[in-house]
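Here the structure is laid out as C-alpha cells; the discussion comes afterwards.
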Amino acid sequence: DSGVTQTPKHLITATGQRVTLRCSPRSGDLSVYWYQQSLDQGLQFLIQYYNGEERAKGNILERFSAQQFPDLHSELNLSSLELGDSALYFCASSTGQGGETQYFGPGTRLLVL
Amino acid sequence: QQQVKQSPQSLIVQKGGISIINCAYENTAFDYFPWYQQFPGKGPALLIAIRPDVSEKKEGRFTISFNKSAKQFSLHIMDSQPGDSATYFCAASIPGNQGGKLIFGQGTELSVKP
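Going down the list, the protein sequences come from chains W and H. First residue of the first sequence? That's 1 in my numbering, and the numbers climb one at a time after it. First residue of the second sequence? That's 114 in my numbering, and the numbers climb one at a time after it.
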C-alpha cells in the first residue's frame, strides 16, 4: 500500500458526460501528479500540483482540468468525454516539487461507452 | 527528445535466470531514472532508482546499470522468480522549472516460467 488513495476505483459513463476523479496524497506529500495509462499511449503525464499551485503540465486535453485543495487532496475533472478517454488514471504524490520518489495510487479505471 | 525508449516489449525468462531490460534516452537534462513494477490491476510501484553520477546501483536482486555517455540504462533482475512476473517501466525526469513529471518507457511485460 503506497499510502495514496484514489476514488472511485471504477467508473463507467457515456460519451459527452463529465466525471471527477479524486486523489488523496500520502501524509506529508505536497506534490500530486496525474497520469493516464492506455494501451496505445502507455503512461502519460497529465499535470502536477505542488502545495495548491500548478507546477507542470503535460499533454493534458483542454477538456480535462485539475486542482489541488488546501488539504492537499486533488481532483481531476474530465468533461465532454469521448470513447478514447477510456483509460486508467493514476495519481501519484511526492514530498517536494520533483526529482524524488513518486508513490502511485491504485488508479481509477474509466470506461466511456 | 523527451522520449525514453524501452526494450524488449516482452520477455520470457526461466526461474533462476537473469532478466535484462534496457532503456535509452536523448535528453541529457534528465537527472533521475527510476524503474517501476506494475502488477495487473495495480498502480506502478517504485523498484529502484538512480541518478547519473552513479554507474550502478544494487538493491537485493535488482540492479540498475547506467551508462551516461551512451545515454542508456538497464535493469537486471538476478535469480528471477515467478513472483517477478509483471510489467516493468523505466522512466526519467528533469528537475527545475519542469517540475517532477516522469517520462515513461513503453513497458516490458516479464514472464518468469517455473
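For glycine and all other residues, C-beta sits at the position ideal for the given N, C-alpha and C.
- Judged by DSSP in its simplified three-state form, residue 195 of chain H adopts helix.
- Look at residue 83 of chain W here: in three-state DSSP terms it is helix.
- When only Cα atoms are considered, residue 88 of chain W and residue 77 of chain W end up about 14 Å apart.
- Inclusion of residue 199 of chain H and residue 146 of chain H in the CB contact set at 8 Å is not warranted, their separation being larger than that value.
- Here the alpha carbons of residue 136 of chain H and residue 106 of chain W stand approximately 25 Å from one another.
- Among the residues of chain H, those whose CB is under 9 Å from the CB of residue 33 of chain W are 212, 213, 214 and 215, following chain order.
- Check the Cα spacing between residue 196 of chain H and each of H:127, H:179, H:123 and H:117: the tightest is with H:127.
- At a beta-carbon threshold of 8 Å, the residues of chain W lying near residue 144 of chain H are 99, ordered along the chain.
- For the set W:62, W:53 and W:96, the Cα lying nearest the Cα of residue 82 of chain W is the one of W:62.
- If you check each beta-carbon in the segment 187-208 of chain H against every beta-carbon of chain W, the ones closer than 9 Å belong to 202, 204, 206, 207 and 208.
- Cβ neighbours of residue 125 of chain H within its own chain (closer than 6 Å, five residues either side excluded): 224.
- Sequence-ordered contacts of the segment 63-86 of chain W with chain H are nonexistent [C-beta pairs closer than 8 Å].
- If you compare the alpha carbons of H:122, H:222 and H:182 with that of residue 168 of chain H, the shortest gap goes to H:182.
- The beta carbon of residue 144 of chain H lies closer than 8 Å to those of 164, 165, 206, 207 and 208 in the same chain, with the five residues before and after it left out.
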